[in-house]
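Under the working numbering, the first residue of the sequence shown is numbered 37, with each subsequent residue one higher. The beta-carbon is built from N, C-alpha and C at its ideal position, and this holds for glycine as well. No experiment lies behind these values; they were computed from the predicted model shown. Data block below; observations after.
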Amino acid sequence: MRQHLGRGIVTRQTSAWLIVFGVWLAGAAQAQETTGRFVDKVFRDEAGEHKYVVFVPAAYRADKPSPAILFLHGAGERGTENRLPLTVGLAPYVQARAKT
C-alpha cells in the first residue's frame, strides 16, 4: 500500500510540474521587464498554492522561441518557501551568468 501512495504522490508532483512549466511558458511572454533574473511565481490549484521560480534570460524576447530547462530539485529543498532550490543544482551557475 505504501508503494501505491508513493506513486500517486509522484504522479501528482509530475502533473503539477508539467502545469507549472506550461504556466511558465505563458507567463514568460509577459515578463520582459523582469529579464536577467529569477522571478517568483505561484501556481494555484485545488491542493493549494505551489511556489516556483522562473529564470528569464537577459536576452529574452517574447517574439522569439527560447529554450527551456526544467530543474527538479531533490527532497532536501522542499518546504513552503521557493528560494532554497536556488542554492543548489543549476541555479547558482545560471545566476552567475545572468547577463549572458
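Inter-residue spacing [alpha-carbon to alpha-carbon] between residue i and residue j
i      : j      : result
Asp81  : His109 : 21 angstroms
Asp76  : Pro121 : 12 angstroms
Ser102 : Ala134 : 15 angstroms
Gly125 : Gly84  : 26 angstroms
Arg119 : Ala95  : 23 angstroms
Pro93  : Ala132 : 12 angstroms
Ile105 : Thr123 : 16 angstroms
Lys87  : Lys100 : 27 angstroms
Element boundaries [beta strand (DSSP E), containing residue i]
i      : result
Val124 : Premise fails: Val124 is in no beta strand (DSSP E) and is neither H nor E.
Lys100 : Where Lys100 is concerned, there is no enclosing beta strand (DSSP E), given that its DSSP letter is neither H nor E.
Identity of the residues DSSP links to residue i by a beta bridge
i     : result
Glu82 : DSSP, once it has assigned bridges, lists no residue as partnering Glu82.
Arg73 : Val92
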